[in-house]
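Visitor: To get my numbering, take the position in the sequence shown, counting from 1, and add 688.
Each residue gets a CB set at the ideal place from its N, CA and C atoms; glycine is no exception.
All values derive from a computational prediction rather than experimental measurement.
Following this message is one structure expressed as structure tokens.
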Amino acid sequence: MPASTKRSRLASLSGVGSIPASLAIRGPRQAPQRAPDPDPRPGSREPRPAPPLTSPCGPVLIGSASWWDDGRSPDRRKPNMSCTVKTDGPCRRTLNFELERAELEREIEQRLNKIAASSAFKGFRKGKTPIDLVRRTHGKKVTDEARQQLMGQAFSAAVKEHELRPVGDPVLNLQAIDEGDGPVTFELAVEIAPQIDLTLPESFAVTVTLPSIDDELVEGEVGRILERFGKLEELAEGEAIGNDDLLEGDVTYSVDGEHVATHEGKPAFLRHGIVDGIPVEGLSDAFAGKHTGDRVSFTAKLPEHFEPKGWEDREAEISFEVLRHRRLVLPELNEETLKTLGVESEEQLKQRVRAGLESQRTQAAAGQIDRSIEEQLLGSHSIELPERLLAKTIDRKVHEVAHQLMEQRGMQAEEGHEAAEAQREELTKSSNEGLCLAFLLDSIAQAHNLKASPEQAVEQVRVLATREGSDPEQAVAKSIQEGWISEVQEQLSNEQVRAWLRERAQVTEQQPAES
689 MPASTKRSRL
699 ASLSGVGSIP
709 ASLAIRGPRQ
719 APQRAPDPDP
729 RPGSREPRPA
739 PPLTSPCGPV
749 LIGSASWWDD
759 GRSPDRRKPN
769 MSCTVKTDGP
779 CRRTLNFELE
789 RAELEREIEQ
799 RLNKIAASSA
809 FKGFRKGKTP
819 IDLVRRTHGK
829 KVTDEARQQL
839 MGQAFSAAVK
849 EHELRPVGDP
859 VLNLQAIDEG
869 DGPVTFELAV
879 EIAPQIDLTL
889 PESFAVTVTL
899 PSIDDELVEG
909 EVGRILERFG
919 KLEELAEGEA
929 IGNDDLLEGD
939 VTYSVDGEHV
949 ATHEGKPAFL
959 RHGIVDGIPV
969 EGLSDAFAGK
979 HTGDRVSFTA
989 KLPEHFEPKG
999 WEDREAEISF
1009 EVLRHRRLVL
1019 PELNEETLKT
1029 LGVESEEQLK
1039 QRVRAGLESQ
1049 RTQAAAGQID
1059 RSIEEQLLGS
1069 HSIELPERLL
1079 AKTIDRKVHE
1089 VAHQLMEQRG
1099 MQAEEGHEAA
1109 EAQREELTKS
1119 SNEGLCLAFL
1129 LDSIAQAHNL
1139 KASPEQAVEQ
1149 VRVLATREGS
1159 DPEQAVAKSI
1169 QEGWISEVQE
1179 QLSNEQVRAW
1189 LRERAQVTEQ
1199 QPAES
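Listed below in structure tokens is the structure:
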């Protein structure tokens, strides 16, 4: 098998990007981890970032910070209240609260007095404003803020008292708020994490399909590194086209005999099998032995980005007239080249390349193991998800896909949203799987004491900030203030759960099938 093919197999079989587990309604995502790179030159380029620990369905933090418990409230006391909990479904609860009216009035008075003491009103010295004037100007806003704070404290206390595990923010029933003179009553609807009856096997049977890191693969990687220093040279007229050559020419497209378009001066990368941005099978064979001035014909399916629009997914007859013929000439692996690469010998270069490939293979194997275990977990558990959370997750994913299409393919807003809506069924499936997996990993973390501690999350933020050249303590303060420290903690928990699950894997390795 050619080394380039084996390397592409190593990348495509890596399993990196498998369904992850973090679930968060809001908040910035954790900065991505850094993955090692086989390039031996120190400082030659930034290491390739590993995929961030985020789910294709978006986040969901279980018990996430929000308006009801944001970690910034100066008064975290439990209000004098009573709460009854009604079960409306497997993952839905309605909480009815009753607070003493005097407690609300006391909170309002404290806030009004604070404003009167710190603000200057026209005609009055600072701190001398009559409380009735402050009440007339700020009463409604202060009352709303005081009521919201008490509601938040009451909800937070009820969550602890009734051992609820809310996901997302609660929904206030505006019709159930009592504005009278009696006790303050209100109603909140909240979704909670599903109850999962965990059934874990003693071990997971996993098959990993990856090429071995042999001399052929190392040589291929060395060649890839040398390509960065290669030079494109024009070939003499009449010289035959080779498998690794770069061509330029005019491309004519027809579908069922109808001329569709002619794209002038477009490239053909024979090694990669791409013409005018379109993958073509057997491209090198089609051009073998041809010369500048020749016209070569083949067929390919037109992609979604093809211009003009309306021909995507159609099988087209493609004619390529060769106007320019160049070849990438690699430098010799001599002393000067080795010095540029930051090594002293060819053997040292190969050792570094092999170490980098081995590291990539280890990561790829872990990714395949994770994906296999996740599939087995999903197949052995039936989970009824919170409906509102699932609906929001799907809608958010459709919205994200629409904007990706608009940014990457230049679609108009209406066209992008229509194309994204066409993928709703597929996005619904991936969102469902992502949420189920998130709750499974959280349940495993709870059951086997694998939850990351707040101290671990803080330390991780410091590490990431240092790596990015930011002030660690400022980053920690920001993560706490904005609430996304919870997501970092969730991601660390998921990493610990995955590592624990991998230890239970019985792994069988096999080589990829020959092309």
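1. So F975 packs on I929, CB below 8 Å; how close in whole Å?
2. Let me see if you follow: with CB-CB separation under 9 Å, is V859 close to chain B or not?
3. For E864, which residues from the same chain have a beta carbon less than 8 Å from its beta carbon, with the 5 sequence-adjacent residues on both sides left out?
4. Can you tell me where the alpha helix (DSSP H) holding A1165 begins and where it ends?
5. Suppose the cutoff is 7 Å on Cβ atoms and the five residues either side in sequence are ignored; what does the same chain contact list for I796 look like?
6. Quick check: the region 1145 to 1160 against the region 1103 to 1112, are at least 3 beta-carbon pairs closer than 8 Å?
7. Starting from V984, trace the beta strand (DSSP E) in both directions and tell me its first and last residue.
8. With a threshold of 16 other CB atoms inside 10 Å of the CB of I819, please say whether the residue is buried or exposed.
9. Relative to the alpha-carbon of T772, which residue among I1057, G1122, E786 and P778 has its alpha-carbon at the smallest distance?
10. When you compare each of L898, R853, V1017 and I880 to A1201 by their alpha carbons, which one comes out closest?
11. Measure from the alpha carbon of S1118 to the alpha carbon of each residue in A1133, V1146, G1104 and L1078, then state which is nearest.
12. For V1089, tell me which candidate among R1112, L1073, K1080 and R1076 has the shortest Cα-Cα distance.
13. In angstroms, rounded to a whole number, what distance separates the CA positions of P996 and I966?
14. Got a sec? Which residues, its chain only, sit under 6 Å from R1097 by beta carbon, not counting five neighbours each side?
15. Please report the distance separating the alpha-carbon of L1189 from that of V1195.
16. So does V1176 have its beta carbon nearer than 8 Å to some heavy atom of the ligand NAD?
17. From K828 to C1124, what does the alpha carbon distance come to, in whole angstroms?
18. What are the partner residues of E875, as DSSP defines its beta bridges?
19. Quick one, which of E915, L935 and T1028 has its alpha-carbon nearest S972's?
20. In whole angstroms, what separates the C-alpha of Q1051 from that of G1044?
21. Out of K1038, H1087 and R916, point me to the one whose CA is closest to D902's CA.
22. For the candidate residues E1095, Q883, V859 and S807, whose alpha-carbon lies nearest to that of S1070?
23. Is the beta carbon of E922 closer than 9 Å to that of R1014?
24. Starting from the Cα of Q1056, find the closest Cα among G870, T987, T895 and G815 and give me that residue.
Guide: The answer reads as follows:
1. For the purposes of this step, residue 975 is identified with residue 287 of the sequence shown, where counting begins at 1. For the purposes of this step, residue 929 is identified with residue 241 of the sequence shown, where counting begins at 1. That belief holds up - the Cβ atoms of F975 and I929 are roughly 5 Å apart, short of 8 Å.
2. Protein chains in the displayed structure number just one, and chain B is not present.
3. Numbered from its first residue, the sequence shown carries residue 864 at position 176. Just to set this straight, residue 864 is Ala in the shown sequence, not Glu. Cβ neighbours of A864 beyond the five flanking positions: N784, T873, F874 and E875.
4. Position 477 of the sequence shown, counted from the start, is the residue given in the question as residue 1165. Segment P1160 to E1170, the alpha helix (DSSP H) holding A1165.
5. Position 108 of the sequence shown, counted from the first residue, corresponds to residue 796. So the qualifying residues of the chain are V830, T831 and A834.
6. no
7. Residue 984 sits at position 296 when you count from the first residue of the sequence shown. R983 to K989 is the span of the beta strand (DSSP E), which, as asked, contains V984.
8. Here the question's residue 819 lines up with position 131 in the sequence shown. With fewer than 16 other Cβ atoms within 10 Å, it is exposed.
9. Against the sequence shown, residue 772 aligns to sequence position 84. Among I1057, G1122, E786 and P778, the Cα nearest to that of T772 belongs to E786.
10. Counted from its first residue, the sequence shown places residue 1201 at position 513. Checked all of L898, R853, V1017 and I880; the closest Cα to A1201 is L898.
11. Stepping through the sequence shown from its first residue, residue 1118 is reached at position 430. If we check each option's Cα against that of S1118, L1078 comes out closest.
12. Residue 1089 sits at position 401 when you count from the first residue of the sequence shown. For V1089, the nearest C-alpha among the options comes from R1112.
13. By one-based count along the sequence shown, residue 996 stands at place 308. By one-based count along the sequence shown, residue 966 stands at place 278. P996 and I966: Cα-Cα distance of roughly 14 Å.
14. Here residue 1097 is taken as the residue at index 409 of the sequence shown, counted from 1. Result list for R1097: H993, in chain order.
15. Locating residue 1189 in the sequence shown gives position 501, counting from the first residue. Locating residue 1195 in the sequence shown gives position 507, counting from the first residue. L1189 and V1195: Cα-Cα distance of roughly 12 Å.
16. No copy of the ligand NAD appears in this structure; indeed no ligand is present at all.
17. For this step, residue 828 is matched to residue 140 along the sequence shown. For this step, residue 1124 is matched to residue 436 along the sequence shown. Between the alpha carbons of K828 and C1124 lies a gap of roughly 43 Å.
18. Counted from its first residue, the sequence shown places residue 875 at position 187. In DSSP, E875 forms a bridge with N784.
19. The count along the sequence shown starts at 1 and reaches residue 972 at position 284. Among E915, L935 and T1028, the Cα nearest to that of S972 belongs to L935.
20. In the sequence shown, counting from the first residue as 1, residue 1051 sits at position 363. In the sequence shown, counting from the first residue as 1, residue 1044 sits at position 356. Computed Cα separation, rounded: 11 Å.
21. What you label residue 902 is simply residue 214 of the sequence shown in a count that begins at 1. Comparing Cα positions, the closest option is K1038.
22. As a first step, residue 1070 must be located in the sequence shown, where it is residue number 382. Minimum Cα distance to S1070 is reached at Q883.
23. Here residue 1014 refers to the residue found at position 326 when the sequence shown is read from its first residue. Here residue 922 refers to the residue found at position 234 when the sequence shown is read from its first residue. Yes, Cβ-Cβ distance for R1014 and E922 is below 9 Å.
24. Residue numbering aside, residue 1056 sits at position 368 when the sequence shown is read from its first letter. Cα-wise, what sits closest to Q1056 is T895.
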